[in-house]
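Taken in order, these protein sequences are the chains called X and H.
For what it's worth, this note's numbering labels the leading residue of the first sequence as 1, then goes sequentially.
For what it's worth, this note's numbering labels the leading residue of the second sequence as 1001, then goes sequentially.
These notes are about the structure you will find just below.
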Amino acid sequence: AQSVTQPDIHITVSEGASLELRCNYSYGATPYLFWYVQSPGQGLQLLLKYFSGDTLVQGIKGFEAEFKRSQSSFNLRKPSVHWSDAAEYFCAVGRPGGYQKVTFGTGTKLQVIP
Amino acid sequence: DGGITQSPKYLFRKEGQNVTLSCEQNLNHDAMYWYRQDPGQGLRLIYYSQIVNDFQKGDIAEGYSVSREKKESFPLTVTSAQKNPTAFYLCASSIRDRDQETQYFGPGTRLLVL
């Protein structure tokens, strides 16, 4: 079974500063990896996904993530944070091979200060 | 305009009452999912369905029931057997390209107990 850990429950950054949200996974083979964002009281929006190929993945809203097999990580980054990025971010891991259960992390809440 | 709709946005349940949450998608996705979200616990899978007239239990199916009579619809009933139903409920559907599956989410329904 796969698992995913988001070690930071809450992160605060200044507007304009860079951002990195950590995600570590456990899975016996190459997983499928996702980052979602959730604004308060809303559903989850897909930011980006990794299935195979280039380990640096570009997503929407200026986000990117890098798959590092040696570190079992898929950290999310943004070079300059905007106040509208304040939200909760979820990393998720899935198994290749069809309609399979996706396991979600517990989320990292991002606060952006002026 | 394609997407996933959930209704109602807020739902109140009295003790001993069954309530049904609606989820509809017009994305022509085969698979649909129900998740429960509690603060600090991420998303937990309740039920999922890969095809019409078939569904499987997830990690926390007790006290819930579903049906999948149409491809577009996957309603969730929270029964009186669910003793702690207060949560945010998220419906998702997914598309599969070969063995690569991506889930997309609806806006959610918040269930509160009176």
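We put the beta carbon where it would ideally sit given N, CA and C, even for glycine.
Computed from a predicted structure; not experimentally measured.
**Prompt:** Is it the case that the Cβ atoms of H:Arg-1068 and H:Phe-1088 are separated by a distance below 8 Å?
**Reply:** No, they are not a contact pair.
**Asked** Which word fits H:Asp-1038, buried or exposed, when buried means at least 16 other C-beta atoms lie within 10 angstroms of its C-beta?
**Response** So H:Asp-1038 ends up on the exposed side.
**Request:** Determine the extent of the beta strand (DSSP E) in which H:Leu-1111 is found, giving its start and end residues.
**Result:** From DSSP, the beta strand (DSSP E) with H:Leu-1111 extends over 1109 to 1113.
**Request:** For H:Ile-1046, count neighbouring C-beta atoms within 10 Å of its own C-beta (all shown protein chains included) and say buried if the count is 16 or more, exposed if not.
**Result:** It counts as buried.
**Prompt:** Residues bridged to H:Gln-1103 by DSSP?
**Reply:** Paired residue(s): H:Ser-1094.
**Message:** Cutting at 6 Å between CB atoms, please list the residues of its own chain near H:Phe-1055, excluding the five before and the five after it.
**Reply:** Correct list, in chain order: Tyr-1047, Ser-1049, Val-1066 and Arg-1068.
**Request:** Could you say which of H:Ser-1007, H:Lys-1083 and H:Arg-1013 lies nearest to H:Glu-1062 if we only look at CA atoms?
**Result:** Among H:Ser-1007, H:Lys-1083 and H:Arg-1013, the Cα nearest to that of H:Glu-1062 belongs to H:Lys-1083.
**Any C-beta of chain X under 8 Å from that of H:Thr-1086** = Not an interface residue.
**Asked** If the cut is a Cβ gap below 7 Å, which residues of chain H does X:Leu-21 touch?
**Response** At a beta-carbon threshold of 7 Å, none of the residues of chain H lie near X:Leu-21; the nearest stands roughly 14 Å away.
**Nearest residue (CA-CA) to X:Val-13, options X:Gly-105, X:Asp-85 and X:Gly-62** = Nearest of X:Gly-105, X:Asp-85 and X:Gly-62 to X:Val-13, Cα basis: X:Asp-85.
**Message:** Which residues in chain C have a C-beta closer than 7 Å to the C-beta of X:Gln-111? List them in chain order.
**Reply:** Annotation note: the requested chain C is absent from the structure, which comprises protein chains X and H.
**Item:** Alpha carbon of X:Ser-18 to alpha carbon of X:Thr-55, nearest angstrom
**Value:** For X:Ser-18 and X:Thr-55, the gap between their C-alpha atoms comes out near 20 Å.
**Prompt:** What separation, rounded to the nearest whole angstrom, lies between the Cα atoms of X:Pro-96 and H:Thr-1102?
**Reply:** Each residue's Cα considered, the two are about 11 Å apart.
**Asked** What in chain H is Cβ-close to X:Val-102, meaning under 7 Å?
**Response** Counting only Cβ-Cβ distances below 7 Å, X:Val-102 has contacts in chain H at Gln-1103, in chain order.
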